[in-house]
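Participant: Position one of the sequence shown corresponds to residue 1210 (our numbering), numbered consecutively onward.
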Amino acid sequence: MEKHDIVIIGGGPAGLAAACAAYDSGIRDILVLDREKQAGGILRQCIHSGFGLHKLGKELTGPEYAAHYEEMVKLRNIEVLCETTVIGVTKDRVVTAVNKNGVLEIQAKAVILAMGCRERSRGALNIAGSRPSGVYSAGTAQKLVNIEGYKVGKKAVILGSGDIGLIMARRMTLEGTKVEAVCEIMSYSGGLTRNIVQCLDDFGIPLYFNTTVAQIHGKDRLSGVTIAQVDENRHIIEETKRYIECDTLLLSVGLIPENELTKGAGIVIDPITSGAVVDQHRQTSVEGIFSCGNVLQVHDLVDYVSDEAEIAGKGAAMYVKGQLKTENTAVSIAGNGVRYLLPQSFGTDSESVSLFFRVTKPCGAVRIDVKCGETLLKSEKRIRAVPGEMEKITLKKAELEKIEKSVTVELEEI
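Structure follows, in structure tokens:
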């Protein structure tokens, strides 16, 4: 059995950033495992720009952002094993993986989970109709177009207004595909505002809210879809059905954190985020196992993924060195207008703690209040808040010292 100080599962932006942070915190024996042929994760197929503005202070494409961190890993001589699939993690931090050399068993002092997300498929949606070719998840279409060099269709409809779907609407238009419509079952978009403007508005692509795909048509190849409006309970309104001729349907209907390994290790999962329950160091309910990136919570910007991964990397390094001690733990509670809070617990003896959250619905000007019981610890204003964009509020040492057992974050429209 091999032995390493830190084993990182996933070589995407989270895994690479965590590896660099752990190394810079004094740990030299680090191993990164990734199932793809090359590290970089989903970034390698995201050839559009807009990455790195917050983290690196310059605008990069996805492959350029990934290459930046790959270079940082190489400079530190951190070992990255590609084409290696992890099939199990135990509570005792034994990692089992397979590659062309056979089965590997690795005993780690600390494990960082950075497996990312997968896309929700058609099977989870229960859309009526036949099963023709031409139905893709948006990420699959993105890989076919950007990496494999294929044109996936001539006329397309996109279901869901997540960021990948919005970006693919623009990408396919640039490749000569006519995007007939983007349908969103909710009354608001799940993507960034800048993507709605740059990918739909600038190209004249219509976005229909409270609308879904009611039926798929076609035998061998998709011939069209029936779209319809939905009521407040998301039930199809029959009289609003209309047919759109198309040969391609892209599904951008949400991301699911890849937490099968997390569950296998007996780690507590948050039902809202579908990721692990963590403290401010991103340590899970199992001691010595940390989680970060999209496997923990779905981020809208890769810059924030890197920030979170650095927290996990530093936390894992502190754990290996025996320096990770959290006392006076408090829990965070999502109040009015807040969908979830992360981390779910934190030490009030910390220098500062940043609480990340998403709102439950689009809001105009809001006030964010952080309370301990009836005591107001902090209050901040935002010009607007939407579910597609993550919010953050930071508590300093003086505010943390006033917390007893819990804090509540809530919104009030102003």
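Where a beta carbon is used, it is the ideal one built from N, C-alpha and C, also for glycine.
Look at residue 1597 and residue 1458 and say whether their C-beta atoms are less than 8 Å apart.
Facilitator: Taking the first residue of the sequence shown as position 1, residue 1597 is located at position 388. Taking the first residue of the sequence shown as position 1, residue 1458 is located at position 249. Contact: no.
Participant: With a cut-off of 8 Å on the beta carbons, I'd call residue 1300 and residue 1495 a contact; round off their distance for me.
Facilitator: The residue labelled residue 1300 in the question sits at position 91 within the sequence shown. The residue labelled residue 1495 in the question sits at position 286 within the sequence shown. The pair is a contact, with the Cβ atoms about 5 Å apart (cut-off 8 Å).
Participant: Would you mind listing the beta strand (DSSP E) stretches within the region 1309 to 1357 that are 3+ residues and don't spill past its ends, in chain order?
Facilitator: As far as the region 1309 to 1357 is concerned, its whole beta strand (DSSP E) runs of at least 3 residues are 1311 to 1322, 1326 to 1328, 1344 to 1346.
Participant: Measure the CB-CB distance between residue 1564 and residue 1604 and report whether it falls below 8 Å.
Facilitator: What you label residue 1564 is simply residue 355 of the sequence shown in a count that begins at 1. What you label residue 1604 is simply residue 395 of the sequence shown in a count that begins at 1. Yes, the pair counts as a contact, with Cβ atoms nearer than the cut-off.
Participant: For residue 1246, which residues from the same chain have a beta carbon less than 8 Å from its beta carbon, with the 5 sequence-adjacent residues on both sides left out?
Facilitator: Position 37 of the sequence shown, counted from the first residue, corresponds to residue 1246. Result list for residue 1246: 1291, 1292, in chain order.
Participant: Going by C-alpha to C-alpha distance, which of 1585, 1542, 1589, 1521 sits closest to residue 1226?
Facilitator: On the sequence shown, residue 1226 is found 17 positions in, with the first residue counted as 1. For residue 1226, the nearest C-alpha among the options comes from 1521.
Participant: Out of 1425, 1265, 1385, 1233, which one is the CA nearest neighbour of residue 1510?
Facilitator: Numbered from its first residue, the sequence shown carries residue 1510 at position 301. Out of 1425, 1265, 1385, 1233, 1265 has the C-alpha closest to the C-alpha of residue 1510.
Participant: Please return the same chain residues whose Cβ sits closer than 7 Å to the Cβ of residue 1261, not counting the five positions on each side in sequence.
Facilitator: The sequence position of residue 1261 within the sequence shown is 52, counting from 1. Within the same chain, residue 1261 has close Cβ partners 1267, 1268, 1269, 1274, 1512.
Participant: Do three or more CB pairs link the region 1230 to 1243 to the region 1330 to 1340 at distances below 8 Å?
Facilitator: Not touching, per the Cβ criterion.
Participant: Going by CA-CA distance only, name the one from 1523, 1449, 1338, 1254 that's closest to residue 1236.
Facilitator: Position 27 of the sequence shown, counted from the start, is the residue given in the question as residue 1236. Minimum Cα distance to residue 1236 is reached at 1523.
Participant: Would you kindly check if the distance between the Cβ of residue 1373 and the Cβ of residue 1351 is under 8 Å?
Facilitator: Taking the sequence shown and counting its residues from 1, the one referred to as residue 1351 is at position 142. Taking the sequence shown and counting its residues from 1, the one referred to as residue 1373 is at position 164. Yes, they are a contact pair.
Participant: Just reading off the alpha helix (DSSP H) that residue 1469 is part of, what are its end residues?
Facilitator: For the purposes of this step, residue 1469 is taken as the residue at position 260 of the sequence shown. Looking at the DSSP string, the run of the alpha helix (DSSP H) that includes residue 1469 is 1469 to 1473.
Participant: Below 8 Å on the Cβ atoms is my guess for residue 1493 versus residue 1500; work out the distance and round it to an integer in Å.
Facilitator: Residue mapping note: residue 1493 aligns to position 284 of the sequence shown, counting from 1. Residue mapping note: residue 1500 aligns to position 291 of the sequence shown, counting from 1. That belief holds up - the Cβ atoms of residue 1493 and residue 1500 are roughly 5 Å apart, short of 8 Å.
Participant: Helix, strand or coil, according to DSSP, for residue 1515 in the structure here?
Facilitator: Taking the first residue of the sequence shown as 1, we reach residue 1515 at position 306. Helix, per DSSP.
Participant: Check for me: the alpha helix (DSSP H) holding residue 1232 runs from which residue to which?
Facilitator: By 1-based counting over the sequence shown, the position of residue 1232 is 23. Its alpha helix (DSSP H) spans residues 1222 to 1233.
Participant: In angstroms with no decimal places, state the Cα-to-Cα distance between residue 1307 and residue 1622.
Facilitator: Residue mapping note: residue 1307 aligns to position 98 of the sequence shown, counting from 1. Residue mapping note: residue 1622 aligns to position 413 of the sequence shown, counting from 1. Whole-angstrom Cα-Cα distance: 52 Å.
Participant: Rounded to whole angstroms, how far is the Cβ of residue 1489 from the Cβ of residue 1562, which I believe are closer than 8 Å?
Facilitator: For the purposes of this step, residue 1489 is taken as the residue at position 280 of the sequence shown. For the purposes of this step, residue 1562 is taken as the residue at position 353 of the sequence shown. About 5 Å; that satisfies the 8 Å criterion.
Participant: Do residue 1287 and residue 1320 come within 8 Å of each other at the CB atom, strictly closer than that value?
Facilitator: The residue labelled residue 1320 in the question sits at position 111 within the sequence shown. The residue labelled residue 1287 in the question sits at position 78 within the sequence shown. Going by C-beta atoms, residue 1320 is not nearer than 8 Å to residue 1287.
Participant: Between which two residues does the beta strand (DSSP E) containing residue 1277 stretch?
Facilitator: Position 68 of the sequence shown, counted from the start, is the residue given in the question as residue 1277. That residue, residue 1277, is in no beta strand (DSSP E); its alpha helix (DSSP H) goes 1271 to 1284.
Participant: What is the rounded straight-line gap between the Cα of residue 1377 and the Cα of residue 1369?
Facilitator: Walking along the sequence shown from the start, residue 1377 turns up at place 168. Walking along the sequence shown from the start, residue 1369 turns up at place 160. The alpha-carbon atoms of residue 1377 and residue 1369 are separated by roughly 11 Å.
Participant: Roughly how many whole angstroms lie between the Cα atoms of residue 1324 and residue 1220?
Facilitator: The count along the sequence shown starts at 1 and reaches residue 1324 at position 115. The count along the sequence shown starts at 1 and reaches residue 1220 at position 11. Going from the Cα of residue 1324 to the Cα of residue 1220 covers about 8 Å.
Participant: Is it the case that the Cβ atoms of residue 1618 and residue 1543 are separated by a distance below 8 Å?
Facilitator: As a working mapping, residue 1618 is identified with position 409 in the sequence shown. As a working mapping, residue 1543 is identified with position 334 in the sequence shown. For residue 1618 and residue 1543, yes; Cβs fall inside 8 Å.
Participant: Given residue 1601, which residues of its chain have a CB within under 6 Å of its CB, disregarding the five upstream and five downstream residues?
Facilitator: Here residue 1601 refers to the residue found at position 392 of the sequence shown. For residue 1601, where only same-chain residues beyond five positions count, the Cβ hits under 6 Å are 1563, 1565.
Participant: Sort 1263, 1218, 1256 by Cα distance to residue 1248 and report the nearest one.
Facilitator: Working through the sequence shown from its first residue, we reach residue 1248 at position 39. Closest by alpha carbon: 1218.
Participant: How about residue 1341 and residue 1427: are their beta carbons less than 8 Å apart?
Facilitator: Counting from 1 along the sequence shown, the entry for residue 1341 is found at position 132. Counting from 1 along the sequence shown, the entry for residue 1427 is found at position 218. Yes.
Participant: Would residue 1625 and residue 1326 qualify as a contact pair, given that the criterion is a beta-carbon distance under 8 Å?
Facilitator: Beyond the ends of the chain as shown, which are 1210 and 1623, falls residue 1625; an answer cannot be given.
Participant: Who are residue 1498's beta bridge partners in DSSP?
Facilitator: By one-based count along the sequence shown, residue 1498 stands at place 289. According to DSSP, which records beta bridges pairwise, residue 1498 is partnered with 1320.
Participant: For the region 1583 to 1592 against the region 1543 to 1556, do three or more pairs of beta-carbon atoms, one drawn from each stretch, fall closer than 8 Å, so that the two count as touching?
Facilitator: Cβ pair count under 8 Å is below three, so no.
Participant: Measuring straight from C-alpha to C-alpha, what distance separates residue 1271 and residue 1417?
Facilitator: To locate residue 1271, count along the sequence shown from 1; it is residue 62. To locate residue 1417, count along the sequence shown from 1; it is residue 208. Spanning the two alpha carbons is a distance of roughly 29 Å.
Participant: Nearest-angstrom Cα distance between residue 1476 and residue 1466?
Facilitator: The residue labelled residue 1476 in the question sits at position 267 within the sequence shown. The residue labelled residue 1466 in the question sits at position 257 within the sequence shown. Whole-angstrom Cα-Cα distance: 14 Å.
Participant: I need the DSSP call for residue 1249, collapsed to helix, strand or coil.
Facilitator: As a first step, residue 1249 must be located in the sequence shown, where it is residue number 40. Looking at residue 1249 - three-state DSSP - the assignment turns out to be coil, as it is neither helix nor strand.
Participant: If residue 1424 sits next to residue 1337, beta carbons under 8 Å apart, how far is it from one beta carbon to the other, in whole angstroms?
Facilitator: Locating residue 1424 in the sequence shown gives position 215, counting from the first residue. Locating residue 1337 in the sequence shown gives position 128, counting from the first residue. The pair is a contact, with the Cβ atoms about 5 Å apart (cut-off 8 Å).
Participant: Which of helix, strand or coil does DSSP assign to residue 1254?
Facilitator: To locate residue 1254, count along the sequence shown from 1; it is residue 45. Reduced to three states, the DSSP call for residue 1254 is helix.
Participant: Could you give the first and the last residue of the continuous alpha helix (DSSP H) run that contains residue 1379?
Facilitator: The residue you call residue 1379 lines up with position 170 of the sequence shown. 1372 to 1383 is the extent of the alpha helix (DSSP H) around residue 1379.
Participant: Do you know how far the Cα of residue 1498 is from the Cα of residue 1540?
Facilitator: On the sequence shown, position 331 is the one that residue 1540 refers to. On the sequence shown, position 289 is the one that residue 1498 refers to. So the two alpha carbons sit approximately 19 Å from each other.
Participant: Taking just the CA atoms, how far does residue 1545 sit from residue 1400?
Facilitator: Within the sequence shown, the letter at position 191 stands for residue 1400. Within the sequence shown, the letter at position 336 stands for residue 1545. Distance between the alpha carbons of residue 1400 and residue 1545: 22 Å.
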